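Following our numbering, the numbering of the sequence shown begins with 465 at its first residue and continues without gaps.
Glycine included, each C-beta is placed from N, C-alpha and C at the ideal position.
This structure is a prediction, so every number in the text was calculated from the model and none was measured.
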Amino acid sequence: MKSPPVVLVFAGHDPSGGAGIQADIETVTALGGRALTLVTALTAQDSRNVQAVWPTAGAAFSVQLDTLLSDISPTAVKIGLIGSADLVDVLAERLTGFAGPVVVDPVLAAGGGFQLAHDDLLAAIRERLLPHATLI
Numbered sequence: 465m466k467s468p469p470v471v472l473v474f475a476g477h478d479p480s481g482g483a484g485i486q487a488d489i490e491t492v493t494a495l496g497g498r499a500l501t502l503v504t505a506l507t508a509q510d511s512r513n514v515q516a517v518w519p520t521a522g523a524a525f526s527v528q529l530d531t532l533l534s535d536i537s538p539t540a541v542k543i544g545l546i547g548s549a550d551l552v553d554v555l556a557e558r559l560t561g562f563a564g565p566v567v568v569d570p571v572l573a574a575g576g577g578f579q580l581a582h583d584d585l586l587a588a589i590r591e592r593l594l595p596h597a598t599l600i
């Protein structure tokens with residue numbers, strides 16, 4: 465029996481369940497894959513808009529990612545909401561040499577208009593993350 469593709473997903477947590485890490489898990493599963501997940505940010509939001517975002521601390525994110533990668537090798541990577549420029553640096557370093565597809569969908573604003581990325585994060589995404597992308 466063939467193992468399902470393993471997709472490493474980086475995304476924010478949407479407590480309404482309509483987007484973010486939960487939606488990505490459901491999508492990967494529906495397509496026959498196995499989702500590995502790291503939460504990049506917690507959000508205060510409802511089905512209409514985001515009120516606040518708290519990015520995951522870079523040090524904690526690095527330890528979580530390294531622990532996961534020391535055990536499981538993903539087939540593909542999907543990046544959603546990033547949260548902070550610190551996390552872009554971690555992602556860019558870990559993606560160096562990764563041979564599988566990398567989908568970057570960086571969720572820059574909420575549907576209700578709340579800005580999820582400012583100039584420093586946008587610059588980091590453009591300069592450090594997009595060169596690793598297979599699909600943007």
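Within this structure, are the beta carbons of GLY544 and VAL566 separated by less than 8 Å?
-> Stepping through the sequence shown from its first residue, residue 544 is reached at position 80. Stepping through the sequence shown from its first residue, residue 566 is reached at position 102. No, Cβ-Cβ distance for GLY544 and VAL566 is not below 8 Å.
Residues sharing a beta bridge with ARG498, DSSP | Looking up residue 498 in the sequence shown gives position 34. Paired residue(s): VAL470.
How is HIS582 classed by DSSP in three states: helix, strand or coil?
-> Mapped onto the sequence shown, residue 582 falls at position 118. In this structure, HIS582 counts as coil in the three-state DSSP scheme.
Between the CA atoms of ALA487 and THR509 - distance to the nearest angstrom = Within the sequence shown, numbered from 1, the residue matching residue 509 stands at position 45. Within the sequence shown, numbered from 1, the residue matching residue 487 stands at position 23. In the sequence under discussion, the amino acid at residue 509 is Gln, which differs from the Thr named in the question. Looking at the two C-alpha atoms, the distance is approximately 15 Å.
Euclidean distance between Cα positions of ASP530 and GLY575 | Mapped onto the sequence shown, residue 530 falls at position 66. Mapped onto the sequence shown, residue 575 falls at position 111. Cα to Cα, ASP530 sits roughly 32 Å from GLY575.
PRO519 - partner residues in DSSP beta bridges = By 1-based counting over the sequence shown, the position of residue 519 is 55. Bridge pairing for PRO519: ALA505 [DSSP].
Length of the line joining the Cα atoms of PRO519 and ALA549 | Against the sequence shown, residue 519 aligns to sequence position 55. Against the sequence shown, residue 549 aligns to sequence position 85. Roughly 10 Å separates the two Cα atoms.
Proximity of LEU559 and HIS596 at Cβ, strictly below 8 Å = For the purposes of this step, residue 559 is taken as the residue at position 95 of the sequence shown. For the purposes of this step, residue 596 is taken as the residue at position 132 of the sequence shown. A contact, by the Cβ cut-off of 8 Å.
State buried or exposed for ILE600, treating a residue as buried only when at least 16 other CB atoms are found within 10 Å of its CB.
-> Here residue 600 refers to the residue found at position 136 of the sequence shown. Its Cβ having fewer than 16 others within 10 Å, ILE600 is exposed.
In three-state DSSP terms, what is VAL514?
-> The count along the sequence shown starts at 1 and reaches residue 514 at position 50. Note: VAL514 maps to strand in three-state DSSP.
Span of the alpha helix (DSSP H) around VAL554 | Here residue 554 corresponds to residue number 90 of the sequence shown, with the count starting at 1. It spans 549-559 - the alpha helix (DSSP H) in which VAL554 sits, taken as one unbroken run.
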